[in-house]
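A.B. asks: Please find one structure pasted underneath; my questions will follow.
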Amino acid sequence: MSTESKPSASLSTSRPTVAILLTPAMRKQVVPPAAEEKLAAVANIRAAAEGELSTENLPRLLEGATAAITGWGTPSLDELLLARLPSLKLLAHAAGSVRKLAPLAAIEEGRLQVTHAASQIGSSVVEFVISQTLSFLRNPSKLNDGMKAGESWFDLRERYLGRLLGAQTVGVVGAGYVGRLMIGLFRAFGARVLVSDPYLSVGQAAELGVELCDLNDLFRSSDIVSLHVPSLPETHRMIGEAQLALLRDGALFINTARGTIVDETALIEALQQNRFTAILDVYENEPLPADSIFRTLTNAIISPHAAGHTVETRLRQGSAAVDEVCLFLAGKPLRYEVTKSILATMA
Numbered sequence: 512m513s514t515e516s517k518p519s520a521s522l523s524t525s526r527p528t529v530a531i532l533l534t535p536a537m538r539k540q541v542v543p544p545a546a547e548e549k550l551a552a553v554a555n556i557r558a559a560a561e562g563e564l565s566t567e568n569l570p571r572l573l574e575g576a577t578a579a580i581t582g583w584g585t586p587s588l589d590e591l592l593l594a595r596l597p598s599l600k601l602l603a604h605a606a607g608s609v610r611k612l613a614p615l616a617a618i619e620e621g622r623l624q625v626t627h628a629a630s631q632i633g634s635s636v637v638e639f640v641i642s643q644t645l646s647f648l649r650n651p652s653k654l655n656d657g658m659k660a661g662e663s664w665f666d667l668r669e670r671y672l673g674r675l676l677g678a679q680t681v682g683v684v685g686a687g688y689v690g691r692l693m694i695g696l697f698r699a700f701g702a703r704v705l706v707s708d709p710y711l712s713v714g715q716a717a718e719l720g721v722e723l724c725d726l727n728d729l730f731r732s733s734d735i736v737s738l739h740v741p742s743l744p745e746t747h748r749m750i751g752e753a754q755l756a757l758l759r760d761g762a763l764f765i766n767t768a769r770g771t772i773v774d775e776t777a778l779i780e781a782l783q784q785n786r787f788t789a790i791l792d793v794y795e796n797e798p799l800p801a802d803s804i805f806r807t808l809t810n811a812i813i814s815p816h817a818a819g820h821t822v823e824t825r826l827r828q829g830s831a832a833v834d835e836v837c838l839f840l841a842g843k844p845l846r847y848e849v850t851k852s853i854l855a856t857m858a
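At position 193 of the sequence shown (counting the first as 1) the number is 704 in my numbering, and the numbers step up by one without a gap.
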């Protein structure tokens, strides 16, 4: 059975109900105790019990609820369900993309307000990219392995002589929220940064301290290319054979955005030529199939869509979702609402 907090004697029993549509384990990882206490002070909390979070149980969990906190593992809400829930006005998503969370028409038409915590994920993603980039440039694992294998001190140092990030030209594809965080970090190391983004003006590029160029010129001129664009019809497989062929020998190609923006067949064929290295955190099919060729390529450094996941990031996402619910219940403007215009360019 779901659990529901009991209002104190000093509070009206007619307080709004907020459903937490997370498994108990995920709720513990995402919603800090202090945030849940803050929510309990203004609303009755109804949370899914162990084994209760399912599509079949959504009507009961959401019955009479004014708002719901959602996240990884929350079943999708459809139009039939929304029609049965006239009181539901807000979904506060403690994760990133909301495209599969609820009917997009309901968001676009203003029948349902939705917020998300993508802004809380950005710092985790860019730290991941920087850590992987520095590892590629400085080879700490190879140096460690060589030392433990008893290899020559001087030969090992010369064989894996590193490169400075600040001496590289970095191409950032996409200057949205995460892209701009990425630009800031690369520039902090002193790197020259090129950017390709059709929505970025020359003036905005100058303010960011970057050089604006087209996609092909970016691939041709960069030592490192990092992708930060959403998965949209116009970005589907926007990186293909033509762009990959322009990469310099020894270059680094990074995708922590979405797998669908890269033609994976072309990427595999390019990697098999062993001209450059790819750091891949996202794929067209996830989880990555056990027989994926990416698992066999020595110049493909792969991870399980983990760039945005840290202990602290998850707790920040949950706190942000609770804050949004509290703002909504107080009749105040939301900070991270997914509007129709935002939805059009959201991953």
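No residue lacks a Cβ here, since even glycine has one placed at the ideal position from N, Cα and C.
Rank P586, K851, L569 by C-alpha distance to the C-alpha of L596 and give the top, closest one.
C.D. replies: Position 85 of the sequence shown, counted from the start, is the residue given in the question as residue 596. Out of P586, K851, L569, L569 has the C-alpha closest to the C-alpha of L596.
A.B. asks: Return the chain-ordered list of same chain residues with a C-beta closer than 6 Å to the C-beta of A520, the five sequence neighbours on each side being excluded.
C.D. replies: Indexing the sequence shown from 1 puts residue 520 at position 9. Residue placement at A520 cannot be trusted, given a pLDDT of 37 that sits under 50; what the coordinates show is reported in the next sentence. Correct list: empty, nothing qualifies.
A.B. asks: Looking at C-alpha atoms only, which residue of I765, A605, N810 is the closest neighbour of E780?
C.D. replies: Here residue 780 is taken as the residue at index 269 of the sequence shown, counted from 1. E780 has its Cα closest to that of N810, out of I765, A605, N810.
A.B. asks: What whole-angstrom Cβ distance do A559 and L533 have, given they're in contact under 8 Å?
C.D. replies: Taking the sequence shown and counting its residues from 1, one reaches residue 559 at position 48. Taking the sequence shown and counting its residues from 1, one reaches residue 533 at position 22. At roughly 7 Å, the Cβ-Cβ gap stays under 8 Å, so A559 and L533 are in contact.
A.B. asks: Give the list of continuous beta strand (DSSP E) stretches no shorter than 3 residues that lie fully inside the region 709-769.
C.D. replies: 735-738, 763-766
A.B. asks: Suppose the cutoff is 8 Å on Cβ atoms and the five residues either side in sequence are ignored; what does the same chain contact list for S732 look like?
C.D. replies: Walking along the sequence shown from the start, residue 732 turns up at place 221. Hits under 8 Å: T680, G682, L705, C724.
A.B. asks: L838 to A762, Cα distance in whole Å?
C.D. replies: Start at 1 with the first residue of the sequence shown, and residue 838 comes out as number 327. Start at 1 with the first residue of the sequence shown, and residue 762 comes out as number 251. Near 46 Å, if we compare the C-alpha coordinates of A762 and L838.
A.B. asks: Do you know how far the Cα of V553 is from the Cα of V773?
C.D. replies: For the purposes of this step, residue 773 is taken as the residue at position 262 of the sequence shown. For the purposes of this step, residue 553 is taken as the residue at position 42 of the sequence shown. The alpha-carbon atoms of V773 and V553 are separated by roughly 45 Å.
A.B. asks: What first and last residue would you give for the beta strand (DSSP E) that runs through A558?
C.D. replies: Here residue 558 is taken as the residue at index 47 of the sequence shown, counted from 1. Residues 555-558.
A.B. asks: Could you pull the DSSP bridge partners for G682 from this structure?
C.D. replies: Stepping through the sequence shown from its first residue, residue 682 is reached at position 171. In DSSP, G682 forms a bridge with L705, V736.
A.B. asks: Could you check what DSSP says for L522 in three-state terms: helix, strand or coil?
C.D. replies: Working through the sequence shown from its first residue, we reach residue 522 at position 11. For L522, the predicted model reports a pLDDT of 38, less than 50, meaning its position is unreliable; a value from the coordinates is still stated below. It is coil, neither helix nor strand.
A.B. asks: Going by other Cβ atoms of all chains shown within 10 Å of its Cβ, with 16 needed for buried, is S523 buried or exposed?
C.D. replies: Here residue 523 refers to the residue found at position 12 of the sequence shown. Unreliable positioning characterises S523 in this predicted model, as indicated by a pLDDT of 46, which lies under 50. The coordinate reading is nonetheless provided below. Residue burial annotation: S523 is exposed, with fewer than 16 other C-beta atoms found within 10 angstroms of its C-beta.
A.B. asks: Expressed to the nearest angstrom, what Euclidean distance is found between the alpha-carbon atoms of K517 and E823?
C.D. replies: As a first step, residue 517 is located in the sequence shown; it is residue number 6 there, counting from the start. As a first step, residue 823 is located in the sequence shown; it is residue number 312 there, counting from the start. The predicted model places K517 with a pLDDT of 43, which falls under 50 and marks its position as unreliable; any figure quoted below should be read in that light. Rounded to whole angstroms, K517 to E823 spans 29 Å at the Cα level.
A.B. asks: Starting from T626, trace the beta strand (DSSP E) both ways and give me its first and last residue.
C.D. replies: Taking the sequence shown and counting its residues from 1, one reaches residue 626 at position 115. 624-627 is the span of the beta strand (DSSP E), which, as asked, contains T626.
A.B. asks: Examine the Cβ distances between the region 708-722 and the region 685-696 and report whether three or more of them are shorter than 8 Å.
C.D. replies: yes
A.B. asks: Please identify the residue among T821, P815, D802 whose C-alpha is closest to the C-alpha of Y794.
C.D. replies: On the sequence shown, position 283 is the one that residue 794 refers to. When each option's Cα is compared against that of Y794, the closest is P815.
A.B. asks: Report the option in H604, L615, A753 whose CA atom is closest to the CA atom of L826.
C.D. replies: As a position in the sequence shown, residue 826 is number 315, starting the count at 1. L826 has its Cα closest to that of H604, out of H604, L615, A753.
A.B. asks: Where D834 and R691 are concerned, what is the direct C-alpha to C-alpha distance, given to the nearest angstrom?
C.D. replies: Counting from 1 along the sequence shown, the entry for residue 834 is found at position 323. Counting from 1 along the sequence shown, the entry for residue 691 is found at position 180. Approximately 25 Å, taken between the alpha carbons.
A.B. asks: Just to confirm, are V542 and G829 a CB contact at a threshold of 8 Å?
C.D. replies: As a position in the sequence shown, residue 542 is number 31, starting the count at 1. As a position in the sequence shown, residue 829 is number 318, starting the count at 1. Contact: yes.
A.B. asks: For V636, which residues in the same chain have their Cβ closer than 7 Å to its Cβ, ignoring the five residues on either side in sequence?
C.D. replies: The sequence position of residue 636 within the sequence shown is 125, counting from 1. Hits under 7 Å: V689, T767, A818, G819.
A.B. asks: Taking only the alpha-carbon atoms, compute the straight-line gap between K549 and G575 and give it to the nearest angstrom.
C.D. replies: For the purposes of this step, residue 549 is taken as the residue at position 38 of the sequence shown. For the purposes of this step, residue 575 is taken as the residue at position 64 of the sequence shown. Their Cα atoms are separated by approximately 21 Å.
A.B. asks: Determine the contact status of K600 and L573, defining contact as a CB-CB distance below 8 Å.
C.D. replies: For the purposes of this step, residue 600 is identified with residue 89 of the sequence shown, where counting begins at 1. For the purposes of this step, residue 573 is identified with residue 62 of the sequence shown, where counting begins at 1. Taking 8 Å as the Cβ cut-off, K600 and L573 do not qualify as a contacting pair.
A.B. asks: Hey, could you find the ends of the beta strand (DSSP E) T776 is sitting in?
C.D. replies: Working through the sequence shown from its first residue, we reach residue 776 at position 265. Annotation: T776 is outside any beta strand (DSSP E); the continuous alpha helix (DSSP H) that includes it extends over 775-782.
A.B. asks: Which residue's Cα is closest to the Cα of L840: E775, G582, A617, N555?
C.D. replies: Along the sequence shown, one-based indexing puts residue 840 at 329. Of the candidates E775, G582, A617, N555, the one whose C-alpha sits nearest the C-alpha of L840 is N555.
A.B. asks: Can you give me the C-alpha to C-alpha distance between H655 and I790, rounded to a whole angstrom?
C.D. replies: The count along the sequence shown starts at 1 and reaches residue 655 at position 144. The count along the sequence shown starts at 1 and reaches residue 790 at position 279. First, the amino acid is wrong: residue 655 is Asn here, not His. Distance between the alpha carbons of N655 and I790: 20 Å.
A.B. asks: Spatial neighbours of I735 within its chain, please: CB distance less than 6 Å, with the 5 preceding and 5 following residues excluded, ordered by chain position.
C.D. replies: Residue 735 sits at position 224 when you count from the first residue of the sequence shown. Close CB contacts of I735 within its chain, under the 6 Å cut and outside five residues either way in sequence, are with Q679, V681, L763 (chain order).
A.B. asks: In this structure, how does DSSP classify I853 when only helix, strand and coil are distinguished?
C.D. replies: If you number the sequence shown from 1, residue 853 lands on position 342. In this structure, I853 counts as helix in the three-state DSSP scheme.
A.B. asks: Taking only the alpha-carbon atoms, compute the straight-line gap between A686 and D708 and give it to the nearest angstrom.
C.D. replies: Here residue 686 refers to the residue found at position 175 of the sequence shown. Here residue 708 refers to the residue found at position 197 of the sequence shown. Roughly 6 Å between the two C-alpha positions.
A.B. asks: According to DSSP, is A576 helix, strand or coil?
C.D. replies: Locating residue 576 in the sequence shown gives position 65, counting from the first residue. Looking at A576 - three-state DSSP - the assignment turns out to be coil, as it is neither helix nor strand.
A.B. asks: Count the other CB atoms, across all protein chains shown, that sit within 10 Å of the CB of A594; report buried if there are 16 or more and exposed otherwise.
C.D. replies: Translated into positions along the sequence shown, residue 594 becomes position 83. Exposed is the call here.
A.B. asks: Given this structure, state the Cα-to-Cα distance separating G661 from R668, to the nearest angstrom.
C.D. replies: For the purposes of this step, residue 661 is taken as the residue at position 150 of the sequence shown. For the purposes of this step, residue 668 is taken as the residue at position 157 of the sequence shown. Straight-line Cα distance between these residues: approximately 13 Å.
A.B. asks: For the alpha helix (DSSP H) holding L838, just list the boundary residues, first then last.
C.D. replies: Against the sequence shown, residue 838 aligns to sequence position 327. First-last of the alpha helix (DSSP H) with L838: 822-840.
A.B. asks: Using only the alpha-carbon positions, how far apart do M749 and Q643 sit?
C.D. replies: The sequence position of residue 749 within the sequence shown is 238, counting from 1. The sequence position of residue 643 within the sequence shown is 132, counting from 1. Looking at the two C-alpha atoms, the distance is approximately 23 Å.
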